[in-house]
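Chains as they are written, first to last, in our numbering: chain A, 1 to 354; chain B, 1 to 354.
There are 2 protein chains.
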Amino acid sequence: MIKPWSDKLRKVDPYVPGEQSKKQNIIKLNANENPYPPSPKVVEAIHNFDTDKLCLYPNSSAYQLTEALAQHYGLDMNQVFVGNGSDEVIALAYMAYFNSPDKPILFPDITYSFYPVWCNFFKTPYLTKAVDENFRINAKDYYEKNGGVIIPNPNAPTGMSEGREFIEEILQHNQDVVVIIDEAYVDFGSYSAVELLKKYENLVIVHTFSKSRSLAGMRIGVALGNPELISLLNAVKNCYNSYTLDSVAIAAGTASVNDDTYFLSTLNKVIETRERTAKELSDLGFKVFPSHSNFLFVTHPTISAKELFEAAKAENIFIRFFDLPRINNHLRISIGTDAQMDALIGFIKKYQGR
Amino acid sequence: MIKPWSDKLRKVDPYVPGEQSKKQNIIKLNANENPYPPSPKVVEAIHNFDTDKLCLYPNSSAYQLTEALAQHYGLDMNQVFVGNGSDEVIALAYMAYFNSPDKPILFPDITYSFYPVWCNFFKTPYLTKAVDENFRINAKDYYEKNGGVIIPNPNAPTGMSEGREFIEEILQHNQDVVVIIDEAYVDFGSYSAVELLKKYENLVIVHTFSKSRSLAGMRIGVALGNPELISLLNAVKNCYNSYTLDSVAIAAGTASVNDDTYFLSTLNKVIETRERTAKELSDLGFKVFPSHSNFLFVTHPTISAKELFEAAKAENIFIRFFDLPRINNHLRISIGTDAQMDALIGFIKKYQGR
Numbered sequence: 001m002i003k004p005w006s007d008k009l010r011k012v013d014p015y016v017p018g019e020q021s022k023k024q025n026i027i028k029l030n031a032n033e034n035p036y037p038p039s040p041k042v043v044e045a046i047h048n049f050d051t052d053k054l055c056l057y058p059n060s061s062a063y064q065l066t067e068a069l070a071q072h073y074g075l076d077m078n079q080v081f082v083g084n085g086s087d088e089v090i091a092l093a094y095m096a097y098f099n100s101p102d103k104p105i106l107f108p109d110i111t112y113s114f115y116p117v118w119c120n121f122f123k124t125p126y127l128t129k130a131v132d133e134n135f136r137i138n139a140k141d142y143y144e145k146n147g148g149v150i151i152p153n154p155n156a157p158t159g160m161s162e163g164r165e166f167i168e169e170i171l172q173h174n175q176d177v178v179v180i181i182d183e184a185y186v187d188f189g190s191y192s193a194v195e196l197l198k199k200y201e202n203l204v205i206v207h208t209f210s211k212s213r214s215l216a217g218m219r220i221g222v223a224l225g226n227p228e229l230i231s232l233l234n235a236v237k238n239c240y241n242s243y244t245l246d247s248v249a250i251a252a253g254t255a256s257v258n259d260d261t262y263f264l265s266t267l268n269k270v271i272e273t274r275e276r277t278a279k280e281l282s283d284l285g286f287k288v289f290p291s292h293s294n295f296l297f298v299t300h301p302t303i304s305a306k307e308l309f310e311a312a313k314a315e316n317i318f319i320r321f322f323d324l325p326r327i328n329n330h331l332r333i334s335i336g337t338d339a340q341m342d343a344l345i346g347f348i349k350k351y352q353g354r
Numbered sequence: 001m002i003k004p005w006s007d008k009l010r011k012v013d014p015y016v017p018g019e020q021s022k023k024q025n026i027i028k029l030n031a032n033e034n035p036y037p038p039s040p041k042v043v044e045a046i047h048n049f050d051t052d053k054l055c056l057y058p059n060s061s062a063y064q065l066t067e068a069l070a071q072h073y074g075l076d077m078n079q080v081f082v083g084n085g086s087d088e089v090i091a092l093a094y095m096a097y098f099n100s101p102d103k104p105i106l107f108p109d110i111t112y113s114f115y116p117v118w119c120n121f122f123k124t125p126y127l128t129k130a131v132d133e134n135f136r137i138n139a140k141d142y143y144e145k146n147g148g149v150i151i152p153n154p155n156a157p158t159g160m161s162e163g164r165e166f167i168e169e170i171l172q173h174n175q176d177v178v179v180i181i182d183e184a185y186v187d188f189g190s191y192s193a194v195e196l197l198k199k200y201e202n203l204v205i206v207h208t209f210s211k212s213r214s215l216a217g218m219r220i221g222v223a224l225g226n227p228e229l230i231s232l233l234n235a236v237k238n239c240y241n242s243y244t245l246d247s248v249a250i251a252a253g254t255a256s257v258n259d260d261t262y263f264l265s266t267l268n269k270v271i272e273t274r275e276r277t278a279k280e281l282s283d284l285g286f287k288v289f290p291s292h293s294n295f296l297f298v299t300h301p302t303i304s305a306k307e308l309f310e311a312a313k314a315e316n317i318f319i320r321f322f323d324l325p326r327i328n329n330h331l332r333i334s335i336g337t338d339a340q341m342d343a344l345i346g347f348i349k350k351y352q353g354r
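Below, the structure written as structure tokens:
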């Protein structure tokens, strides 16, 4: 039956995140989560949180966290914005910066699959640029007139990153639009464009606490940019929801930023595990793309990605398969603990009949 | 200097929330916060939270909290949506339900000042309907063709509420659009339309944890409606940000819903304090509008609201003054503890030279 109000309802095509199974004892390598717990300082901040304060609204600009981040990056506070996960930060950034009525925004064809979802949702025209046969982004593809650019570095799901020269080339050829560099995975060893903020006023960098800081469950994202662009991001947020970060998240995030020692030690563990897993998968015949992230993008000349994905799932090992053009025989494998990766490798060996 | 990317930037007119002072020892009666801490069960949920889980993404539909709320309201889980504060819930609801290209959405002229901000932000045409000389909403004003209706009950900043007959009258005359009843303050004694959900499929009710549950700092909002409308709200959320509630907020919110005894005792304290404060202000010559919320809306025949607001602020007592047509000689005073209200009354007596 058609409901009389149906014509006022929005038609949507939502993003589908990596499956969150309710099963216990699964090996979860499908959402690029960090296998290690957050810093003990974060634990302390939550477990000692002064809950009497919860009856009050949070500070709308998350002052405490913004200040800690400014210090961490060597920026002024008015160059830092925080939001409810980097997905919210990017959604707000689309609304703030991508408002060209007739020119499309540009991003790679193989990339974070939320980018086109936001475009459709906000009615932002867009054009994807094909990555090359090695899945690398070609800077020259971004020379044409556009309404804005968003590039992830490292890219997902390929895990590959580009250096300063590439980012500067993009920025130099796009001085009349805002360029967003989505550095969700940057801490795992890729080049960060933060140093370019003083040179390019149209650069906005997005970071997240969900990967390198082991805080996917806490929902904290960051934008860095010039004060004018950051101020607009705050204004846009205040047109949508004045308080997006709760007081506990602000305290937890601040504690994380203030514990560099733990942060670096966790990063190093993930990177070491990534490197040896890459070698092991390579030894098993996989093509492993060079990763600067906390995941590996792989394909195998004789094993079907889809079949391996399903067989692993049946054994409670969750990895990510994308049924998308160009990459439907590839798999994205998040880096877990050494024990988790051993279990995966063991499973694949068994699957190969070795 | 005009920046070359300026023409791609969004022009906005953001909402301005009640001032959050960084001063200590202020009496904060300007943001309708609850003066009491959240339930001891909430404190326990936060202080015992299993922080090892924070490296994982939250459950995207906040399963645990949705289930507790469904039980609390006697609804099915698929009739319940949770978001990052009721402001986010309403923002998402605008995007989901208010998409008539040519008919305006309707709401009162004196009401929550975020309603027109969202309209401007989402480019939703709107028409305000003047409340009467006693600041009451006239249901007949909402009979005309429209793209949707949003009515707060109780209304803010007046605090006055309407009963079942009024709500049904609105619903019966608006069966071809979605009608949102914003019940942010409903727990403080007004009629709740939850029982009407089984009768009207186009009804969506919005609640918040920020007022009656003392959790403004935790950012939890709720929408209740028929499964089709709730499912759309989830789809719209998944076009914007898949995970808006963090894992700690989900645990804290669930604990709050499961502690009815504490909830009711806090409510009763606020209501008692409201009633005796209303009487005292009335005795001091104020016109006090009948409140079913956790605040009082008042005006005085000889005292300037603006001057009283400023004098109180100088004494570290924060109340709310709106420099808006029709209400610029009125004040909105949140209900604090008895001691806080005594301080306010004492200040006003001194101000009056009594």
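We put the CB at the ideal spot given by N, CA and C, even for glycine.
With a cut-off of 8 Å, does the C-beta of Asn153 of chain A fall near any C-beta of chain B? no
Distance CB(Leu331 of chain A)-CB(Arg320 of chain A) smaller than 8 Å: yes
Within chain B, partners of Ala31 of chain A - CB distance below 8 Å: Leu56, Tyr57
Using three-state DSSP, classify Phe114 of chain A as helix, strand or coil. helix
Skipping 5 residues on each side, what residues in its chain have a beta carbon closer than 6 Å to that of Val243 of chain A? Position check: residue 243 of chain A holds Tyr in this sequence, whereas Val was assumed. Taken in chain order, the residues that qualify are Tyr57, Pro58, Ser60.
Using 8 Å as the limit for Cβ to Cβ distance, is Met95 of chain A near chain B? yes
Relative to the alpha-carbon of Val248 of chain A, which residue among A:Phe322, A:Val43, A:Gln71 has its alpha-carbon at the smallest distance? A:Val43
Residues in the stretch 284-318 of chain B having any Cβ partner in chain A nearer than 8 Å: none
Taking Gly83 of chain A as the reference, which of A:Asn258, A:Leu233, A:Asp176 has the closest Cα? A:Leu233
Classify Gln20 of chain A: buried if its beta carbon has 16 or more other beta carbons within 10 angstroms, exposed otherwise. buried
Any C-beta of chain A under 8 Å from that of Arg136 of chain B: no
Decide if Thr302 of chain B is buried, meaning its Cβ has at least 16 other Cβ atoms within 10 Å, or exposed. exposed
With H, G and I counted as helix, E and B as strand and the rest as coil, what does DSSP make of Lys269 of chain B? helix
With DSSP run on the structure shown, which of helix, strand or coil describes Phe49 of chain B? coil
Along the stretch 46-77 of chain A, what residues have a CB closer than 7 Å to any CB found in chain B? Ile46, His47, Phe49, Thr51, Asp52, Lys53, Leu54, Cys55, Leu56, Tyr57, Pro58, Asn59, Ser60
Taking only the alpha-carbon atoms, compute the straight-line gap between Ala216 of chain B and Ala252 of chain B and give it to the nearest angstrom. 12 Å
Against chain A: residues of the stretch 4-24 of chain B by CB proximity under 7 Å: Pro4, Trp5, Lys8, Leu9, Arg10, Val12, Pro14, Tyr15, Pro17, Gln20
Can you tell me which of the three DSSP states His330 of chain A falls into? strand
Just the C-alpha distance for Asn328 of chain B and Pro40 of chain A, rounded to the nearest angstrom, thanks. 51 Å
Using a Cβ-Cβ cut-off of 8 Å, state whether Val186 of chain A counts as contacting chain B. no
Buried or exposed, going by whether 16 or more other CB atoms sit within 10 Å of the CB of Pro35 of chain A? buried
Under 8 Å Cβ-Cβ, which residues of chain B neighbour Cys239 of chain A? Val12, Asp13, Pro14, Tyr15, Val117, Trp118, Asn120, Phe121
Using a Cβ-Cβ distance cut-off of 8 Å, determine whether Ala156 of chain B contacts chain A. no
Does the beta-carbon of Lys198 of chain A have 16 or more other beta-carbons within 10 angstroms, so that it is buried, or is it exposed? exposed
Check each residue of the stretch 77-111 of chain B: if its Cβ is closer than 7 Å to any Cβ of chain A, include it; give the result in chain order. Asn84, Gly85, Asp87, Glu88, Ala91, Met95, Ala96, Tyr97, Phe98, Asn99, Ser100
Exposed or buried, Val79 of chain A, counting other C-beta atoms within 10 Å across all chains shown (16 or more means buried)? Strictly speaking, residue 79 of chain A in this sequence is Gln, with Val absent from that position. Gln79 of chain A comes out buried.
Comparing the C-beta of Ser242 of chain A with each C-beta of chain B, is any distance below 8 Å? yes
If you drop the 5 nearest sequence neighbours on each side, which residues of the same chain put their C-beta closer than 6 Å to that of Ala130 of chain B? Asp109
In DSSP terms, what Phe297 of chain A is bridged to: A:Arg332
Whether Ile180 of chain B touches Ile150 of chain B by CB criterion (8 Å): yes
Cβ of Ser282 of chain B less than 8 Å from any chain A Cβ? no
Classify Lys123 of chain B: buried if its beta carbon has 16 or more other beta carbons within 10 angstroms, exposed otherwise. exposed
By how many angstroms is the C-alpha of Phe318 of chain A removed from the C-alpha of Lys28 of chain A? 5 Å
Beta-carbon proximity list for Asn146 of chain A, same chain, < 8 Å, skipping 5 on both sides: Ser100, Lys103, Pro104, Ile105, Leu106, Leu127, Asn174, Val177
Which residues of the stretch 205-224 of chain B have a Cβ closer than 8 Å to any Cβ of chain A? Give them in chain order. Ser210, Ser214, Leu215, Ala216, Gly217, Met218, Arg219
Given Phe297 of chain B as reference, the closest of B:Arg136, B:Lys22, B:Asp141, B:Asn226 once Cα atoms are compared: B:Arg136
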